[in-house]
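Engineer: First to last, the sequence lines map onto chains A and B. Be aware that the first sequence starts at -11, since it is given in the numbering used here, and climbs by one per residue. Be aware that the second sequence starts at 37, since it is given in the numbering used here, and climbs by one per residue. All C-beta atoms in this analysis are idealised placements derived from N, C-alpha and C, irrespective of residue type, glycine included.
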Amino acid sequence: MKRGPIHAPWIPWLGVLTLWTVGFSLACRLAPGRPGGDLAAQGVALRLLGSGRQAVGAALFERADLYFHKGVPHKVREAFTNTWLQQLEAEISPRLHLHAAGGEVAEILPWLRFVVAADPHYVDAFLVAAHFLATDLRRLDLAEQVLLEAQRHNPKDYRVLLEKARLFLRTRRFEQAANALDAALRCWPSAQDPADRQTLLDKAEILTYRAVVHEMGGERAAAAGCFRQVLALFPERTHLQRRLERLEHGEGPAGEDVELLRSLFERPGPVHCERESDEHS
Amino acid sequence: MKRVGTLAGMVWLEMLRRKDLYVLLVLLSGALGLLGSVDLFGFGGVTGHVKDVGLLAVWVLGWVLALGTAVRQLPEEEQRGTIFAMLAKPVSRWELVLGKWLGTWLVVSCGLVLFYAVLWAVVVLRGGGCQAVAMLQAVWLHSMAVAVLSAIGLACATRLNPDAALALAYVLTGTAFLIVPQVPRLLMRAGPAAGTALMVLYFACPHLELFDLRQRLIHGWGPARWRTVAEVTLYGAIFAALFVLLAWLGYRRKRFVRGRLS
């Protein structure tokens, strides 16, 4: 018996239903309510990409992380190791845990540029770019430009303002740092979860910097107020208690406090290695 | 051996007549030029991303060129009917298969050298550089990968029509590129039956990642040990020989009938 092609009327509807389900699932996964929504994207390509650009941005940020580790991917558990094929592969593609340093970190910048081109609300990419430009690459002017661009796209994100404050502190522009820190405090926690540990750590950092700037301006009471807020967040920071007592007694900074100040100004910022459990070489 | 050389030369002539290689070269140059012009927060002299995307493009183009060239060699001779004239020369089928493979390998390797030269030129123009020894090793090992890919393409084309052979060759080599290196990780979640299948795949398929020195070139790890390069070369030679042998086994008793060719 000869069979013709299938012409069931439900097939197109099944296709539509499947596409709708996939689209709805992706929308749930990809659109956690970014400011301005997808229409805020500039350029036809980015608008067409829609919320998928967040996924693209995240993938490109992973790529930047790979460059920070000199092309060595994350360690994953394997069923067997050390076969002669794996030994040969390790010789061809090294698996040491190293970090890019100095001028090498410049190689990360293109990927961060691609991240923010795909998703201008990916604040971490701006922060990492600004950090490397300000530290390893010693281009504070470019770091400031990056942060201005970040602020243009994310005007109410406290993390950008905190990074700006760090930059101003490094360049000893204390008045601008104070303004940035005050703005950061007003914006905190932005879109972050206020109960998240990192968000709380950030707030403590803002307050600590602000206290230091107050202290440098001779405003001891305001400085003490900031330190009290930090202690309320993290009571285990007993060194701040001692510092607070000295401030209340009208004493100047002790040797350890000077060291604290110095460490604050030279603090590396938000960049950290998520693979610290791996062996470093 | 002279007849094998003549057959390889014919593959060269055919490639020079066709426009595939030139089109791919223009495409690569355009893409790399575009990539090199991206503004990087105002910071210049960075070439890692150009190398990265460029080397990926070179690998993809090399893959496409090797399989496309290898797969059409024997079926085209059959479709044109020139296979009868060739086999009547006398050229043995073993010489025919070997000549076609050798020609494909050499011509695609030559194309690879051009691709790498374009990439190197773009990188140098952008103010970057590559370690010469590492680059030489990368080109050589890539060429060994092409030897394996060409042999696989040729083996697929002995018993299938060109389209089917190309599809099968892409599936086989795509598996070797993408799945085989992941087998130790995939085994962590695989059941007993899937685990056995994955182990067979792991040891039976060629490990094409062994020929890939991109990480060393992009991230400045420097050249690999020469002993390692020699071992990988031997590994590639064994796999290429195996697939050429397979191609010959598939072709040696194939019957051709005028007017009913693949």
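From the DSSP output, in three-state form, read off Y110(A) for me.
Structural biologist: coil
Engineer: With 16 as the cutoff for other CB atoms within 10 Å, does L136(A) come out buried or exposed?
Structural biologist: Classification for L136(A): exposed.
Engineer: For chain B, check one thing: does any of its Cβ atoms lie closer than 8 Å to the Cβ of F56(A)?
Structural biologist: no
Engineer: Between P(-7)(A) and chain B, is any beta-carbon pair separated by less than 8 Å?
Structural biologist: Only weak support exists for where P(-7)(A) lies, its pLDDT of 49 falling under 50; the coordinates are left without a value.
Engineer: By Cβ distance below 7 Å, which residues in the same chain neighbour G72(B) in space, the five residues on each side in sequence not counted?
Structural biologist: V86, V158 and R162
Engineer: Alpha carbons only, please: which of L172(B), A212(B), F213(B) and Q115(B) is nearest the one belonging to L253(B)?
Structural biologist: L172(B)
Engineer: Going along the chain, which residues of the segment 127 to 150 of chain A sit with their C-beta nearer than 8 Å to a C-beta in chain B?
Structural biologist: R127, L130, Q133 and V134
Engineer: Spell out whether any CB of chain A is found under 8 Å from the CB atom of G210(B).
Structural biologist: no
Engineer: What I want to know is whether the C-beta of L161(B) ends up closer than 7 Å to one or more non-hydrogen atoms of the ligand NAD.
Structural biologist: What this structure holds is no ligand at all, so the ligand NAD is not there to describe.
Engineer: Out of L149(A), A78(A) and L84(A), which has the shortest C-alpha to C-alpha gap to A118(A)?
Structural biologist: L149(A)
Engineer: Between M51(B), A187(B) and P220(B), which lies nearest to F68(A) when the distance is taken from Cα to Cα?
Structural biologist: Of all alpha-carbon atoms in M51(B), A187(B) and P220(B), the one lying nearest the alpha-carbon of F68(A) is that of P220(B).
Engineer: Could you tell me whether the Cβ atoms of F247(B) and H178(B) are closer together than 8 Å?
Structural biologist: yes
Engineer: Which class does I96(A) belong to by DSSP, given the choice of helix, strand or coil?
Structural biologist: helix
Engineer: Give the residues of chain B in contact with F68(A), contact being defined as C-beta atoms less than 7 Å apart.
Structural biologist: Simply P220.
Engineer: Just by C-beta distance, which residues in the segment 79 to 107 of chain A are closer than 7 Å to chain B?
Structural biologist: E79, I80, S81, P82, A94, E95, L97, P98, W99 and R101
Engineer: Just confirm the distance between the C-beta atoms of A199(A) and R158(A), as a whole number of angstroms; I'd bet it's less than 8 Å.
Structural biologist: With 8 Å as the limit, A199(A) and R158(A) do not qualify as a contact, their Cβ atoms being about 18 Å apart.
Engineer: Using a Cβ-Cβ cutoff of 7 Å, what residues of the segment 167 to 183 of chain B are near chain A? List them in chain order.
Structural biologist: none
Engineer: Using 10 angstroms around the beta-carbon of I274(B), count the other beta-carbons present and answer buried if the total reaches 16, otherwise exposed.
Structural biologist: exposed
Engineer: Residues of chain B with a CB under 7 Å from the CB of G59(A): which are they?
Structural biologist: Q251, I254 and H255
Engineer: Expressed to the nearest angstrom, what Euclidean distance is found between the alpha-carbon atoms of T118(B) and V47(B)?
Structural biologist: 14 Å
Engineer: If you measure from the beta carbon of E77(A) to each beta carbon in chain B, is any gap under 8 Å?
Structural biologist: yes
Engineer: Give the single residue among L49(B), R250(B) and A240(B) whose Cα lies nearest to the Cα of G139(B).
Structural biologist: L49(B)
Engineer: Around the Cβ of S145(B), are there at least 16 other Cβ atoms within 10 angstroms (buried) or fewer (exposed)?
Structural biologist: buried
Engineer: Which residues in chain B sit within 9 Å of L5(A), going by Cβ to Cβ distance?
Structural biologist: None at all; the shortest Cβ gap to chain B is about 30 Å.
Engineer: Using 8 Å as the threshold, is the C-beta distance between A205(B) and I188(B) below it?
Structural biologist: Yes, these two residues count as a Cβ contact at 8 Å.
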